[in-house]
């Protein structure tokens, strides 16, 4: 079963190959790329297209590897013992399954998304080596070993905030999502706004790529920003002519708030337009 | 199978291991792709390369293995392999001085074209041909006062034939030797755990004593988690004589980045003056005032300078001594301001310790730092970390 572009999501051929290879060889797939290029969406679309369950494990700076396996709630057990509950005799009542455990026990091979792994502590990936390699772990409290019924499809995303350890990388396939070129971007837009006028789209894309070319922009707008912006343009019924005029005059484009996310960038674009007008 | 390919990759500096080769073979056996070179390229990249910075190395290796490297225009006539620094040329001061410029820019360009026409092979060293590590005016990583620099900026337009020949990931290629474990372990000494933040961990001893005081009635006690509380401010000297030590500095920098959660870094040139910067490309436009640094980062930060401290004594001692701009106050004043604010400081010097006594400027910096200068070796690093903790 090969993964391909869907009605809502366009994949480049190399990304499709990467996903299919990872699914076939049962290896975790590490995805990197600029923010807003659809890393997280990939896992969602993959799950939908394969008709499998999607388990998302979002990583935060405080997340520990153990949280993905299971957590032992000693506190409520202590409380229960005070209250004289019968539950207290069975320790397994106080073990809560983590996302990895759920993925291991699922009947149908699920998609497990470990989102933004670089947000966690440096040691976090190292703590998951054995679990991802063997797809098994040990529950110390009950002494049982949890072994995956089948290896889940693991998608890991990273924003490059921290270097990942070599040993961890060795166990993964790696793909870097490049920023789409104009053709692919037009395809992506067509999927999201099927009825957009060709003229408006081409002017909008021109403005968008011009903006991305600016050298000292703090946050370059990405695909998701472009889509938001187009949505606003359509909602406000801005014609291609208006957009074209403002492009020629320079300065801020209509609805710039969707593209520029901090005030320094807004000021920069304004300044450039001012300089262009004076010339 | 594919052993030759594997070895080509390793030759190009990709740290691929046997596990990955076996993975690739398994993928081929499972017929993820069929006889299609481009698909094979993507598959091999997926399995063997683990960082987008290595994509460029992979492209080059792939091109070499599968040949068909058809390059078109003049800049493209020079394969990058000629220009990679096989070994950074170590010239003595006299040799550097002995090299004289060849005259005007026009003259240089004319010679460049002539030599390019004559030259057919890769060349390194020597003093005539274009290549790396030599003393000819053409090429890179060598010394010639009036040289043309090729192969470092990637300004040459490259027309593409195949995907891997496009080499779109060139910008991302950095020769930094990442994950250097020994440096990380040395930096790890600079760890002081402290409990800060929200109380999320069950404090067992406190809970037991509190519960017994309540006569067995459960009284839970919580404590914050342990974190590495060390904060580091790194000042890196760039450019000029530091070019010889780029490799060492990159190693240190990448290790430090992975090791400390609170790490801030700034660049300076030769000596610290009123402004430092974060991006070398934009150093003129985006300077941060040293006063801002002092006011932003509290005195609990540990201050580490990395620089060879090799410069004219004027650059430290006098106003206007800077080689790049007019400085109102001498570098020494700015160094002292920093050192006053950050009592825990050290200077790491990539120059071998034995040479230090030959430079007056190193002596001056040593005095300013109260002898807290250490060589950029593992032993020096260990000593520096110990000094930072005392």
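Chains as they are written, first to last, in the numbering used here: chain A, 4 to 282; chain B, 117 to 506. For every residue, glycine included, the Cβ atom is placed at its ideal position computed from N, Cα and C.
CB contact below 8 Å: residue i versus chain B
i: residue 78 of chain A; result: yes
i: residue 274 of chain A; result: no
i: residue 97 of chain A; result: no
i: residue 154 of chain A; result: no
i: residue 166 of chain A; result: yes
i: residue 35 of chain A; result: yes
i: residue 172 of chain A; result: yes
i: residue 212 of chain A; result: no
i: residue 107 of chain A; result: no
i: residue 6 of chain A; result: no
i: residue 81 of chain A; result: yes
i: residue 176 of chain A; result: yes
Helix, strand or coil at residue i according to DSSP, with G and I counted as helix
i: residue 438 of chain B; result: coil
i: residue 453 of chain B; result: helix
i: residue 138 of chain A; result: coil
i: residue 365 of chain B; result: helix
i: residue 128 of chain A; result: helix
i: residue 158 of chain A; result: strand
i: residue 76 of chain A; result: coil
i: residue 195 of chain A; result: helix
i: residue 159 of chain B; result: helix
i: residue 260 of chain A; result: helix
i: residue 376 of chain B; result: coil
i: residue 41 of chain A; result: coil
i: residue 47 of chain A; result: helix
i: residue 199 of chain B; result: Here the model assigns residue 199 of chain B a pLDDT of 45, short of 50, so the residue's position is not dependable and the matter cannot be decided.
Alpha-carbon spacing of residue i relative to residue j, whole angstroms
i: residue 338 of chain B; j: residue 271 of chain A; result: 49 Å
i: residue 3 of chain A; j: residue 140 of chain A; result: It is not possible to answer for residue 3 of chain A, since the shown part of chain A is limited to 4 through 282.
i: residue 369 of chain B; j: residue 351 of chain B; result: 10 Å
i: residue 183 of chain A; j: residue 320 of chain B; result: 53 Å
i: residue 277 of chain A; j: residue 391 of chain B; result: 28 Å
i: residue 2 of chain A; j: residue 168 of chain B; result: This structure cannot settle anything about residue 2 of chain A, because the visible part of chain A is limited to 4 through 282.
i: residue 139 of chain B; j: residue 179 of chain B; result: 21 Å
i: residue 114 of chain A; j: residue 491 of chain B; result: 50 Å
i: residue 405 of chain B; j: residue 421 of chain B; result: 17 Å
i: residue 155 of chain A; j: residue 112 of chain A; result: 5 Å
i: residue 162 of chain B; j: residue 31 of chain A; result: 11 Å
i: residue 506 of chain B; j: residue 123 of chain B; result: 48 Å
i: residue 256 of chain B; j: residue 472 of chain B; result: Annotation note: pLDDT 44 at residue 256 of chain B (below 50); position unreliable, no value reported.
i: residue 71 of chain A; j: residue 409 of chain B; result: 39 Å
i: residue 66 of chain A; j: residue 394 of chain B; result: 30 Å
i: residue 164 of chain A; j: residue 181 of chain A; result: 17 Å
i: residue 191 of chain A; j: residue 452 of chain B; result: 56 Å
i: residue 93 of chain A; j: residue 129 of chain A; result: 32 Å
i: residue 19 of chain A; j: residue 176 of chain A; result: 13 Å
i: residue 444 of chain B; j: residue 436 of chain B; result: 6 Å
Buried/exposed call for residue i, threshold 16 Cβ in 10 Å
i: residue 232 of chain A; result: buried
i: residue 333 of chain B; result: exposed
i: residue 248 of chain A; result: exposed
i: residue 127 of chain A; result: buried
i: residue 407 of chain B; result: exposed
i: residue 54 of chain A; result: exposed
i: residue 454 of chain B; result: buried
i: residue 102 of chain A; result: buried
i: residue 3 of chain A; result: Outside the modelled stretch of chain A, which goes from 4 to 282, sits residue 3 of chain A, for which no answer is possible.
Minimum Cβ-Cβ distance from residue i to chain A less than 8 Å
i: residue 135 of chain B; result: yes
i: residue 139 of chain B; result: yes
i: residue 159 of chain B; result: yes
i: residue 146 of chain B; result: yes
i: residue 168 of chain B; result: yes
i: residue 370 of chain B; result: yes
i: residue 142 of chain B; result: yes
i: residue 361 of chain B; result: no
i: residue 490 of chain B; result: no
i: residue 149 of chain B; result: yes
i: residue 165 of chain B; result: yes
i: residue 386 of chain B; result: no
Residue i CB to nearest heavy atom of the ligand ADP below 7 Å
i: residue 22 of chain A; result: The model depicted lacks the ligand ADP and carries no ligand whatsoever.
Short-range partners of chain B found in the stretch 85–96 of chain A, where Cβ spacing is below 7 Å: Within the stretch 85–96 of chain A, the qualifying residues are 85.
Members of the stretch 178–200 of chain A that neighbour chain B once the beta carbon cut-off is set at 8 Å: If the cut-off is 8 Å between Cβ atoms, the stretch 178–200 of chain A has 178, 179 and 181 near chain B.
Contact list for the stretch 14–29 of chain A against chain B, Cβ threshold 7 Å: Residues passing the 7 Å Cβ filter: 17, 20, 21, 23, 24, 27 and 28.
Contact list for the stretch 414–435 of chain B against chain A, Cβ threshold 8 Å: From the stretch 414–435 of chain B, no residue has a Cβ closer than 8 Å to chain A.
Contact residues within the stretch 458–488 of chain B, judged by C-beta distance below 8 Å to chain A: Under the 8 Å Cβ criterion, the stretch 458–488 of chain B contributes no residue.
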